[in-house]
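Only one structure is covered here, and it is reproduced in the block below.
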Amino acid sequence: MQSEDIKFYRSKIVTDTAENGGHIDISREIVSGVKFNLFPRVTSFERTNGKTRFRKAYMANRAAVAEPAFDASVALTVPSTGGDRFYIKAASSHGETEDNLSTDGWTGGGRLYADITAGDTSVQVLFENDDYAVPAGALLMIKADSGAMFTARTAGEPQWTGNVALIGLASQSPDNFAASETYAGVCVELGNLEAKAENVTITSSAGTFVTDGGIIALNGSTPEDDWTLTFISSSAFTVAGAQTGTLPSGTVSADYNPMNTAAGGYYFSIGSINWGGTWQAGDRLSFSTVSSAKGFWLKEVVPAGTEREADNFIRLDWITD
Numbered sequence: 007m008q009s010e011d012i013k014f015y016r017s018k019i020v021t022d023t024a025e026n027g028g029h030i031d032i033s034r035e036i037v038s039g040v041k042f043n044l045f046p047r048v049t050s051f052e053r054t055n056g057k058t059r060f061r062k063a064y065m066a067n068r069a070a071v072a073e074p075a076f077d078a079s080v081a082l083t084v085p086s087t088g089g090d091r092f093y094i095k096a097a098s099s100h101g102e103t104e105d106n107l108s109t110d111g112w113t114g115g116g117r118l119y120a121d122i123t124a125g126d127t128s129v130q131v132l133f134e135n136d137d138y139a140v141p142a143g144a145l146l147m148i149k150a151d152s153g154a155m156f157t158a159r160t161a162g163e164p165q166w167t168g169n170v171a172l173i174g175l176a177s178q179s180p181d182n183f184a185a186s187e188t189y190a191g192v193c194v195e196l197g198n199l200e201a202k203a204e205n206v207t208i209t210s211s212a213g214t215f216v217t218d219g220g221i222i223a224l225n226g227s228t229p230e231d232d233w234t235l236t237f238i239s240s241s242a243f244t245v246a247g248a249q250t251g252t253l254p255s256g257t258v259s260a261d262y263n264p265m266n267t268a269a270g271g272y273y274f275s276i277g278s279i280n281w282g283g284t285w286q287a288g289d290r291l292s293f294s295t296v297s298s299a300k301g302f303w304l305k306e307v308v309p310a311g312t313e314r315e316a317d318n319f320i321r322l323d324w325i326t327d
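Heads up, the sequence shown is in this note's numbering, so the first residue is 7 and it goes up one at a time.
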């Protein structure tokens, strides 16, 4: 697994409406360091009157074939340099849109409020407000501008003094970290990023299929979807995905490799060797594919009366095992 195998993408719908969010759009990569790569410019009207907006993003594993990225996490470590503030939370599903969002669980990060000495089992973090969730047992990422970093589980609930949270750690800091150049963020833990096919179901009296390993998913091009192959004869079948729609037809006598042109790879692959028995018109093979990407939400809060900041930015950091 190489660092360049991890990429970030927008959702298919990016608006300030209830439909905002939804599934990943693999044609819209979020490029680091590019202005307005996810959030738009805050207008003068919004700075004067206040604005809250949401954007959904995806962390994706694009390693060759199906090499997994284990225990992926992303954290908002460096907060806004302007008067607005940002929060982060995990998405509940690929299909989740803004109107499905709950109000709880929003977390984030900030600069260290005090130096860390090697062996410390607590940290002080200056957040942008006092309403950031820091659950007991959460994974906290501490990272210096030099690149030095460590992670630790939080121990108990934080103690707040204004916007400063005193956070207990379940393990010791391995080194010294200066508050002047170090940030900390609560991680959104996404789990393993790995494309796979699952839940294979055969609806046939005499047709057979290799359900374990008969369908190959690929990290770079397999989407999150539910698929149905419907036989129109003893050998030919149609293919449709609940999200993707209709794909070209196939036959049991040839390998089936439908091209996902937007991703430059196959949606999935089925070798002809996996078919057996006797299929007939009306029989079905259904299965689900799991994408190697998982979603999270960012929330921007612009308080009324916010001053203009021309070089505003935030920083996300990520880790995998």
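Idealized CB from N, CA, C, for every residue including glycine. From a predicted model like this one, the values you see are computed outputs, not experimental measurements.
Would you identify the three-state DSSP class for residue i, choosing helix, strand or coil?
| i | result |
| --- | --- |
| residue 11 | helix |
| residue 33 | strand |
| residue 169 | coil |
| residue 278 | helix |
| residue 135 | coil |
| residue 1 | The structure shown has nothing for residue 1, since the chain only spans 7 to 327. |
| residue 84 | strand |
| residue 268 | coil |
| residue 273 | coil |
| residue 73 | coil |
| residue 129 | strand |
| residue 28 | strand |
| residue 67 | strand |
Per DSSP, residue i forms a beta bridge with which residues?
| i | result |
| --- | --- |
| residue 304 | 61 and 94 |
| residue 175 | 160 |
| residue 18 | Residue 18 pairs with nothing; no bridge assigned. |
| residue 189 | 117 and 149 |
| residue 325 | 79 |
| residue 213 | 283 |
| residue 224 | According to DSSP, residue 224 bridges with nothing at all. |
| residue 256 | 243 |
| residue 318 | Per DSSP, none; premise fails for residue 318. |
| residue 296 | 202 |
| residue 251 | 247 |
| residue 291 | 208 and 235 |
| residue 195 | 79 |
If I follow the unbroken alpha helix (DSSP H) through residue i, where does it start and stop?
| i | result |
| --- | --- |
| residue 54 | 50-55 |
With respect to the beta strand (DSSP E) encompassing residue i, which residues constitute its N-terminal and C-terminal limits?
| i | result |
| --- | --- |
| residue 44 | Counting along the chain, residue 44 falls outside any beta strand (DSSP E), and DSSP gives it neither H nor E. |
| residue 246 | 242-247 |
| residue 112 | Segment: none, residue 112 is in no beta strand (DSSP E) and carries neither H nor E. |
| residue 231 | 231-237 |
Rounded to whole angstroms, what is the Cα-Cα separation between residue i and residue j?
| i | j | result |
| --- | --- | --- |
| residue 297 | residue 107 | 21 Å |
| residue 252 | residue 246 | 4 Å |
| residue 142 | residue 96 | 17 Å |
| residue 1 | residue 220 | Residue 1 is absent from the model: the chain starts at 7 and stops at 327. |
| residue 111 | residue 181 | 30 Å |
| residue 88 | residue 264 | 47 Å |
| residue 183 | residue 198 | 30 Å |
| residue 25 | residue 33 | 19 Å |
| residue 116 | residue 216 | 51 Å |
| residue 278 | residue 214 | 12 Å |
| residue 321 | residue 276 | 41 Å |
| residue 312 | residue 325 | 33 Å |
| residue 208 | residue 238 | 15 Å |
| residue 185 | residue 261 | 58 Å |
| residue 54 | residue 192 | 30 Å |
| residue 156 | residue 120 | 16 Å |
| residue 308 | residue 179 | 34 Å |
| residue 118 | residue 90 | 19 Å |
| residue 19 | residue 310 | 27 Å |
| residue 17 | residue 29 | 6 Å |
| residue 6 | residue 45 | Outside the shown range of the chain (7 to 327) lies residue 6, about which nothing can therefore be said. |
| residue 1 | residue 290 | Residue 1 lies beyond the stretch modelled for the chain, which goes from 7 to 327, so this question has no answer here. |
| residue 145 | residue 158 | 6 Å |
| residue 98 | residue 196 | 10 Å |
Hey, would you say residue i sits closer than 8 Å to residue j, going by beta carbons?
| i | j | result |
| --- | --- | --- |
| residue 188 | residue 150 | yes |
| residue 94 | residue 140 | no |
| residue 59 | residue 22 | yes |
| residue 339 | residue 114 | One cannot answer for residue 339 here, as it falls past the ends of the chain, which runs 7 to 327. |
| residue 81 | residue 194 | yes |
| residue 225 | residue 69 | yes |
| residue 302 | residue 203 | no |
| residue 122 | residue 131 | no |
| residue 103 | residue 27 | yes |
| residue 210 | residue 285 | yes |
| residue 241 | residue 259 | yes |
| residue 147 | residue 323 | yes |
| residue 100 | residue 200 | no |
| residue 190 | residue 176 | no |
| residue 92 | residue 306 | yes |
| residue 66 | residue 13 | yes |
| residue 270 | residue 212 | no |
| residue 169 | residue 136 | yes |
| residue 295 | residue 228 | yes |
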